[in-house]
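Using the numbering used here, the letters of the sequence shown correspond one by one to residues 11 to 536. C-beta: ideal position from N, C-alpha, C; glycine also. The structure under discussion appears below in the form of structure tokens.
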Amino acid sequence: MMMRDTNETLLSVQGTWLAIRRHRRKSLVFFLAVMAAAVAALLLIPPTYRSEAKLFLRLGRENVAIDPTATTGATVTVTDARANEINSVLEILESRAIFDKVVAALHPDTILQKGPGDTSGWSLASIVDPVKNALLRPLPISDEERATDILAKSIDVSSGRNSNVITVACRADSPELAQQILSKLLEVFGQEHVRVNRTDGSHEFFLKQADVLHAQWEQAAAALRDAKNRMGFALVDGRRSFLQEQSGTLENQLLRTDVALAASRAKAERLTESINALPQRLVTAEESGLPNMARDYMRQQLYSLEIREQELLARSTPDHPEVVAIRQQVEDVRKILEEQSPNRVTTTEDRNDNREALELSLLTEQAALGSLEAERELLRQQVSLVDDHLREVNQQEVEIAELQRQVDLVAASYRTCAEKREQTRIDEALEVHGISNVSLVQPPSRISKPVSPRKALVLFLGLCVALSGGVGIPLLLESLDNSLRTPEEVEQQLQLPVLMSMPHSSRRSLLISRTSPHHDSPIHNS
């Protein structure tokens with residue numbers, strides 16, 4: 011089995027070698043054509059040069075600060091990863107708007123021009139590009155659009171993993187052109203990066219809003235000032251404190267007055283009771299044993315009445331009215347006379363000094379009582395007036411508080427707007443000076459060594475293709491040819507033994523052999 015496989019392998023190698031020998035001319039032509047094409051490509055393809063720059067994306071206002079117009083209302087916390095920011099910068103660098111501005115700044119002819127080393131006036135690209143444009147772009151396009159397409163294909167933008175450095179490269183027909191295009195691209199990107207990270211017209215907007223809010227603040231402040239002038243005080247708390255202090259003082263005075271008034275009333279009552287308990291006059295001297303002239307006179311009158319009664323009884327009956335009247339008079343005089351002492355006592359009276367002193371004290375106390383009552387009434391009126399003022403202040407406090415709230419609200423809005431106006435002014439200044447969070451780590455390089463075509467690689471690939479074709483074409487031709495050329499092929503295909511084989515001879519050799527008298531056809535026994 012192993013011998014059979016070895017024989018088949020030897021036969022296969024032998025067959026391959028025989029095929030190459032039979033088609034050696036074709037293989038040689040293909041080999042030379044491929045190598046010539048590779049050399050021609052190296053000679054005709056214009057060299058491509060590469061310029062490279064590196065950008066460093068650091069933390070700055072663009073990724074840390076919030077746009078002033080985004081914080082005018084309610085805000086929410088939004089977290090953005092650095093990878094997203096780097097991807098955004100990559101998208102901006104590869105945007106067609108950037109390419110259009112670069113083309114407009116450099117002019118399309120600059121992008122479409124050939125390298126300075128190309129002095130022949132033509133190249134492979136000059137032949138292929140018109141054909142490609144005619145086939146792929148049947149409609150004519152402008153030089154600007156064509157230059158933009160070429161520029162987009164010649165720009166490479168990339169960033170390393172877990173890195174804040176962005177690499178930007180440009181390929182062109184000359185190192186100077188590549189460096190020039192890349193420099194202009196970075197310049198345009200810097201302007202666009204600053205522009206897209208701020209809101210157009212925000213500074214003018216906040217300027218107008220600040221003026222409007224300042225006018226509203228002046229109006230609210232004037233209304234508050236007029237209200238305070240009308241009310242007659244500057245601070246509600248100060249006015250309330252003053253009135254509360256005054257009310258407390260008056261209430262204390264009223265309390266002391268009520269106490270003094272109660273004491274004065276009690277004193278007046280005690281004085282009145284004491285005065286009523288004392289007599290108005292006092293006996294200062296008394297004499298007894300003196301004749302009572304009044305009693306003696308009444309005794310004479312009694313005698314006269316008794317005589318008159320006897321006279322009437324002598325003339326009239328006891329029931330006579332005159333007798334009855336006289337009798338009654340006699341009884342009355344007798345009673346009075348019995349009450350009179352036979353001896354008269356003479357007394358001397360004078361004013362009661364104690365009573366008069368108490369009465370004087372009472373008058374003084376009554377005067378003080380009236381003064382206290384008047385004072386209490388006045389204090390009550392003052393307390394009531396202060397309470398009215400406090401209630402008025404409480405009512406005015408609502409108005410003052412509302413006006414003050416409007417002033418504070420407008421002032422807070424004005425301060426916020428002023429801060430945002432200053433932020434937008436700084437943003438505009440940063441935009442004017444081109445300051446951003448993107449730093450140029452490596453400026454566009456100028457490398458005189460072309461990056462393409464790579465001659466060694468092209469020649470190596472051409473050699474590989476030439477060798478592969480030089481071997482593959484004979485094998486392909488042999489696979490397409492059904493003739494049997496060797497005894498081994500006959501035995502393998504027909505499964506029959508070969509009895510005899512004749513060598514291959516050309517027609518010329520056959521004619522010579524036939525005309526020769528000693529010609530014998532060679533016969534090989536198998």
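Annotation: residue 477 to residue 469 spans about 12 Å, alpha carbon to alpha carbon. By the Cβ test, the segment 408–428 is in contact with the segment 219–239, since at least three Cβ pairs between them sit closer than 8 Å.
The Cβ neighbour count for residue 338, taken over all protein chains shown within 10 Å, is under 16; the residue is labelled exposed.
Put simply, the segment 155–166 does not touch the segment 31–43. Fewer than three CB pairs are less than 8 Å apart.
By the CB criterion at 7 Å, residue 61 and residue 449 fall outside the cutoff.
Comparing alpha carbon positions, the residue from 318, 253, 175 closest to residue 452 is 175. Restricting attention to beta strand (DSSP E) runs no shorter than 3 residues, the segment 306–348 encloses none. Each of 404, 178, 192 was checked against the Cα of residue 113, and the nearest Cα belongs to 192. Taking a contact as a CB-CB distance under 8 Å, the pair residue 44 and residue 475 counts as one, their CB atoms being some 5 Å apart. Exposed is the label assigned to residue 317, since fewer than 16 other Cβ atoms lie within 10 Å of its Cβ. In the structure shown, residue 452 falls within a strand segment according to DSSP collapsed to helix, strand and coil.
Residue pairing by DSSP puts residue 67 in a beta bridge opposite 448. Spatial neighbours of residue 241 in its own chain (CB-CB distance under 6 Å, excluding positions within 5 residues in sequence) are listed in chain order as 406. As the crow flies, the alpha-carbon of residue 472 is around 19 Å from that of residue 35.
Distances from the alpha-carbon of residue 107 to those of 330, 155, 334, 373 put 155 closest. Around the Cβ of residue 189, a 10 Å sphere holds 16 or more other Cβ atoms; the residue is buried.
In the three-state reduction of the DSSP assignment, residue 60 falls in the strand class, which pools E and B. Along the length of the segment 165–211, whole alpha helix (DSSP H) runs at least 4 residues long occupy 185–206, reported in chain order.
Residue 435 is positioned such that its CB atom lies closer than 7 Å to that of residue 213. Proximity of the segment 364–377 to the segment 272–282 meets the contact definition, three or more beta-carbon pairs being nearer than 8 Å. Bounds of the alpha helix (DSSP H) holding residue 101 are 92–103. Distance from the CA of residue 200 to the CA of residue 183, rounded to the nearest whole angstrom, comes to 25 Å.
Looking at the DSSP output, residue 462 sits in a beta bridge with 58. Straight through space, the alpha carbons of residue 248 and residue 364 are spaced by roughly 57 Å.
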